[in-house]
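Asks: Take the sequence shown: its letters are residues 1 to 239, numbered as in full-length UniProt numbering.
Using N, Cα and C, we set each Cβ at its ideal position, and we do this for glycine too.
Predicted model, so just to flag it, every value in this text is computed and none were measured.
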Amino acid sequence: MSRRIAIISDIHGNFNALSMVMEDMEQFEVDGIFCLGDIVSMGHQTNEVLDLLYGLDHLSIIRGNHDEEVLKVLDGMPTQIKGAEHDHHVWVAGHLDLRFRPFLQSMPLIMEKKIMDLDVLLTHYHLNPDDTYSSIDMSPSVETLGAIYEDEPYDMIMFGHDHMQHHFESDRQIFINPGPLGITTNGLAPYTIMEIDGDDVNFIHRKVPYDRSGFVEGLKKENPPAMDFIMNVLLKERG
Ligand SMILES: [Fe+2]
C-alpha cells in the first residue's frame with residue numbers, strides 16, 4: 001500500500017497561487033493535503049482562499065501566526081503584533097466573510113498524524129514551551145533541527161513560517177518545509193508531494209507557474225495597510 005500527501009504552507013491570501021497548485025496536484029492523485037498555517041494575511045484574496053480550502057476533502061490544516069492575529073482581532077483579544085502590521089490584520093479581519101470564522105477558529109496550533117508507520121508533526125514553526133513561536137533561524141541545518149526535536153517522538157516534522165523551502169534528513173528524522181506557496185519573488189509557487197511506499201519515503205518539490213503579476217496588481221489596487229512591509233517581503237529573496 002502506498003500513500004501520497006501534498007504539503008502546502010504560507011498561502012498568505014494568494015488565491016492565484018493556490019488555485020494553480022491545486023490544479024498541479026491533480027496529477028498526483030493525493031490521499032491527503034497537509035496545510036501548515038498562515039492561510040490569510042499579506043495577500044488580499046482572503047475569502048477566495050478560505051472558500052477553496054473549506055470545500056476540500058482530506059485536508060489537515062493548522063493555524064499560523066498571521067491566522068492567530070486575525071482571530072485575536074475578531075475576538076477583541078490583545079494582539080502580539082503592533083503598528084502597521086496590526087492595522088493590516090484589522091483590515092483582513094474586516095474583509096473576512098464571517099462564515100469562514102468557525103473554520104479559522106477550528107484550526108489547531110499543531111497536529112499529530114500517523115501515516116502508515118510514521119509519526120508526523122505538523123506545526124507552523126518550532127514552539128517554545130509556552131506555545132509561542134521561537135525566533136526564525138535563517139539558516140537551519142539537520143543538526144539544529146535535530147537538537148530542537150531530539151526528545152520528540154516524531155519521525156517527520158513539517159513546518160513553514162520562515163518562507164524558505166527545506167528538506168533535511170537525519171538517521172532518525174525528516175524535516176520538511178514546502179516553501180511559501182503565496183509569497184514568492186517570482187511567478188512560481190512551491191509545494192511538496194510526499195510519497196510513502198512501504199519503507200520508502202520520497203519527496204517531490206514542485207514549483208508551479210501562476211499569475212503573480214495579477215496578484216500583485218490586485219493587491220496594489222486594494223492597498224491594505226502595511227503595503228511597504230508586504231512589498232518588501234514579496235520582493236526579498238530568501239533561502
Ligand atoms: Fe508566513
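(1) Does the beta-carbon of His163, which I'm using as the reference point, lie nearer than 7 Å to any heavy atom of ligand 1?
(2) Beta-carbon within less than 8 Å of Glu222's beta-carbon, same chain only, minus the 5 sequence neighbours each way: which residues are those?
(3) Considering only heavy atoms of ligand 1 and the C-beta of each residue, which residues fall inside 5 Å, strictly closer?
(4) Nearest to Pro108 by alpha carbon, out of Ile136, Cys35, Gln165, Met42?
(5) Give me, in chain order, the residues of the same chain whose beta-carbon lies closer than 6 Å to that of residue 275; leave out the 5 immediate sequence neighbours on both sides.
(6) Hey, could you find the ends of the alpha helix (DSSP H) Ala6 is sitting in?
(7) Find out if the Cβ-Cβ distance for the pair Phe203, Ala17 is shorter than 8 Å.
(8) In chain order, what residues of the same chain have a beta carbon less than 7 Å from the beta carbon of Glu150, not counting five sequence neighbours either side?
(9) Once the 5 residues before and after Asn128 are set aside, which same chain residues still bring their CB inside 6 Å of it?
(10) Note down, in chain order, each residue of its chain lying with its Cβ closer than 6 Å to the Cβ of Glu48, except the 5 sequence neighbours on either side.
(11) State the Cα-Cα distance for the pair Lys72 and Asp199, rounded to the nearest angstrom.
(12) With contact counted as at least three CB pairs below 8 Å, one residue from each stretch, are the segment 175-188 and the segment 153-165 in contact?
(13) Taking Leu235 as the reference, which of Met22, Met42, Ser139 has the closest Cα?
(14) For Asp119 and Tyr154, which I take to be in contact (beta-carbon distance under 8 Å), what is that distance rounded to the nearest angstrom?
(15) At which residue ranges does the segment 1-53 contain complete alpha helix (DSSP H) runs of 4 or more residues, listed in the order of the chain?
(16) Candidates Val208, Met227, Pro78, Met194: which alpha carbon is nearest Glu29's?
(17) What first and last residue would you give for the beta strand (DSSP E) that runs through Lys114?
(18) I'd like the span of the alpha helix (DSSP H) that includes Arg101, first residue to last.
(19) Enumerate in chain order the residues of its own chain whose CB-to-CB distance from Asp211 is below 6 Å, with the five nearest sequence positions on each side excluded.
(20) Starting from His167, follow its DSSP beta bridges and name the residues at the other end.
(21) Per DSSP, what kind of secondary structure is Phe159 in: helix, strand or coil?
(22) What is the residue span of the beta strand (DSSP E) that Arg206 lies within?
(23) Rounded C-beta distance between Arg101 and Leu74? I'm assuming under 8 Å.
(24) Can you list, in chain order, the residues of its chain whose CB lies under 6 Å from that of Ala93, leaving out five sequence neighbours each side?
(25) Who are the near neighbours of Ser213 in its chain, counting only those whose CB is closer than 8 Å to its CB and skipping five residues on each side?
Replies: Per the coordinate set shown:
(1) yes
(2) His44
(3) Asp10, Asp38
(4) Cys35
(5) The shown model of the chain, from 1 to 239, leaves out residue 275, and the question about it has no answer.
(6) Looking at the DSSP string, Ala6 is not in any alpha helix (DSSP H); the run it does join, the beta strand (DSSP E), is 2-8.
(7) no
(8) none
(9) Ser134
(10) Phe15
(11) 42 Å
(12) yes
(13) Met42
(14) 5 Å
(15) 15-25
(16) Met194
(17) 110-115
(18) 101-105
(19) Asn16
(20) Ile176
(21) coil
(22) 200-209
(23) 6 Å
(24) Val70, Val73, Leu74
(25) Gly187
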